Ligand SMILES: CC(=O)SCCNC(=O)CCNC(=O)[C@H](O)C(C)(C)COP(=O)(O)OP(=O)(O)OC[C@H]1O[C@@H](n2cnc3c(N)ncnc32)[C@H](O)[C@@H]1OP(=O)(O)O
Ligand SMILES: O=CC(=O)O
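Residue numbers (the UniProt record's numbering): 1 to 534.
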């Protein structure tokens, strides 16, 4: 392996030389050359598929993979440290959060380079440094906050680490191979694998991953090829990697079995990535008229018919194939300062986790350490001493294309308050992301790239489908611009002029307008936003 053809640009991050060694860069180059031609084709295929949905206004299960759905096969057996996944905590990989996550008592920690991560070069590299320190277990992972608090890992039992790399659509602009930008996901996966896989295996664990935003089983096949190549290059036994796939696009919901099949030697399960799923439903059916127009974002829960169908089909599919079904994120975050908001969030999370456990899920996600015990409690009520409920095969579930696409039965109104919430959340989140924070508590909700995508897509959809709000106003670009002015003014009054001036509000406004108001729908808000960060 050699570094010929590899260029690294941008500023130098502390301890970058430990992460971007020549051998690590050469490894990334091998992965890139192996995967990039197919990645390019698959990204083109996404566009063709979208054009087809725009033309037909529907989707169905693939006729050409009927034999996979009918076949008798199972995914690989779970390694010991991924058998009990009743509570998984997600979060960014900055140093403090890494330590807090490892001390959280969760069974799994999703170390996130995706929806809760703003991929500045600093965070891409320092996240890897933190994970190397965490894995080495030599006490190096400490942090002293500016407020004088010392952090170190003290928990006797630490969560199993599962890394979520960026999706296939995002490039990493600071590394090129043969003049072409490398996929951000390959950087996140490759560096973690290169530096930690061997040590993890030696300690009885392994390199484990969550795979985001896939749109087809062919994209899962590409990840599988990458795993095979990576294991081969480093002499790690084939079948060591484990991957849990987020089913968070409407097209992937029609290919759950095929996705597990492609990854069967490395598959661990599927996760119901509910927020991106809602985004994907709006995105794909955005010009199909009222049958696909969703009401206010915060009124669409997991019990509306099309979300229920997807979530039950996921459990059925997983357990038929011996794979884990992992629930999604209840976006209510606790507040240590506001007891009323805290109580409300706790009650909502109890309800959400109880429903998932009752439906047959093997575990679920929480976004905050104060929610770990709630999730554990609700799952333990159902699981008891069993580590999971793979035995609950849910043969009663009957979900077809009609149920998955039944958006029209979603109850709820489209309101002025809903529009204001979408606009304000969109602006606040993008401002936060551009400032280097990829997850934020806004109006007592966890907001990240996925939830912000729903907000801006909903605004786009309402404009393009001639929607009138509850007060009779039609949603137009002019109305949205006026709401942006007013919401920015409110934010300025709340945070104060000085703080506001230091923020990136004009950039946030420009990005929001480009992804919510432009006629040409932008595929991901992080694409134009990435141009504005270093
Ligand atoms: C759609 C999806 O993809 S969901 C998955 C992606 N999204 C996420 O993972 C969101 C993760 N959650 C978070 O980032 C945070 O909880 C936020 C931004 C929502 C709220 O964070 P804060 O405003 O810091 O919350 P709060 O002040 O209550 O935090 C209390 C403590 O818990 C810690 N904490 C909060 N969330 C987390 C987390 N997810 N992981 C680790 N530690 C956390 C904070 O660092 C803080 O620590 P400290 O007391 O040592 O300073
Ligand atoms: O990534 C998870 C989601 O809910 O979206």
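Think of the CB as a built atom: it goes at the ideal place given N, C-alpha and C, for glycine as much as any other residue. Since we're looking at a predicted model, the values are computed, not measured.
Taking buried to mean at least 16 other C-beta atoms within 10 Å of its own C-beta, is residue i buried or exposed?
i	result
residue 150	exposed
residue 29	buried
residue 353	buried
residue 1	exposed
residue 51	exposed
residue 22	exposed
residue 58	exposed
residue 112	buried
residue 311	buried
residue 303	exposed
residue 91	buried
residue 188	buried
residue 545	Because the chain spans 1 through 534 in this model, residue 545 falls outside it and cannot be assessed.
residue 66	exposed
residue 290	exposed
residue 94	buried
residue 160	buried
residue 499	exposed
residue 494	exposed
residue 156	exposed
residue 104	buried
residue 320	buried
Among the options, whose alpha-carbon lies nearest the alpha-carbon of residue i?
i	options	result
residue 458	54, 294 and 167	294
residue 288	11, 56, 307 and 264	56
residue 309	274, 404 and 77	404
residue 182	396, 455, 419 and 7	7
residue 430	444, 456 and 176	456
residue 423	152, 11, 514 and 326	514
residue 203	259, 193 and 137	137
residue 461	95, 520, 368 and 441	520
residue 222	49, 18, 39 and 71	39
residue 282	493, 452 and 64	452
residue 410	339, 305 and 433	305
residue 441	345, 483 and 380	345
residue 85	389, 463, 393 and 511	389
residue 531	384, 105, 121 and 54	121
residue 484	419, 148 and 131	419
residue 61	315, 307 and 253	253
residue 326	96, 447, 362 and 173	362
Could you pull out every residue in the same chain whose Cβ sits closer than 6 Å to the Cβ of residue i, ignoring the five residues on either side in sequence?
i	result
residue 292	285 and 407
residue 382	357
residue 444	341
residue 396	none
residue 5	177 and 178
residue 277	248
residue 454	278, 279 and 297
residue 205	81
residue 83	387
residue 470	413 and 415
residue 489	none
residue 114	164, 166 and 212
Going by beta carbon distance, what residues of the same chain come within less than 7 Å of residue i, once the five residues before and after it are set aside?
i	result
residue 46	215
residue 224	262, 263 and 266
residue 437	118
residue 412	295, 296, 299 and 300
residue 99	141, 143, 151, 152 and 153
residue 200	135, 206 and 207
residue 68	257, 258 and 261
residue 508	427, 430, 431 and 434
Excluding the five sequence neighbours on either side, which residues of its own chain have a C-beta within less than 8 Å of the C-beta of residue i, listed in chain order?
i	result
residue 140	133
residue 522	514, 515 and 528
residue 24	190, 191, 194 and 195
residue 232	238
residue 101	89, 91, 109, 111, 159 and 369
residue 18	129 and 132
For residue i, verify whether its CB is less than 6 Å away from any heavy atom of ligand 4.
i	result
residue 333	As far as ligands go, the structure on display features ligand 1 and ligand 2 and does not contain ligand 4.
Any residue whose CB is nearer than 6 Å to a heavy atom belonging to ligand 2, listed in chain order: Here the list is 115, 246, 248, 273, 274, 275, 276, 328, 329 and 450.
Which runs of the alpha helix (DSSP H) at least 4 residues long sit entirely within the region 58 to 84? Give them in chain order. Those alpha helix (DSSP H) runs which fall completely within the region 58 to 84 and span 4+ residues are 66 to 70.
Whole alpha helix (DSSP H) elements within the UniProt domain "Malate synthase C-terminal" (414 to 533), 4-residue minimum: Listed in chain order, the complete alpha helix (DSSP H) runs (minimum 4 residues) inside the UniProt domain "Malate synthase C-terminal" (414 to 533) are 416 to 434, 449 to 464, 477 to 495, 497 to 502, 505 to 516 and 526 to 530.
Residue ranges of each alpha helix (DSSP H) within the region 234 to 300, 4 or longer: Counting only runs of 4+ residues, the alpha helix (DSSP H) found wholly inside the region 234 to 300 occupies 250 to 253, 256 to 262 and 274 to 284, in chain order.
Length at least 3, wholly inside the region 163 to 227: the beta strand (DSSP E) runs in chain order: Within the region 163 to 227, complete beta strand (DSSP E) segments of at least 3 residues are found at 171 to 177, 180 to 183 and 208 to 211, given in chain order.
Hey, which unbroken runs of the alpha helix (DSSP H) at 4 residues or more fall wholly within the region 95 to 157? Complete alpha helix (DSSP H) runs here, min 4: 95 to 102 and 121 to 136.
At 3 residues or longer, and completely inside the region 339 to 391: list those beta strand (DSSP E) runs for me, N to C. The region 339 to 391 contains these whole beta strand (DSSP E) runs: 363 to 366.
Complete runs of the alpha helix (DSSP H) confined to the UniProt domain "Malate synthase N-terminal" (5 to 66) [at least 4 residues]: As summarised for the UniProt domain "Malate synthase N-terminal" (5 to 66), the continuous alpha helix (DSSP H) elements at least 4 residues long and confined to that stretch are 16 to 19 and 22 to 56, given in chain order.
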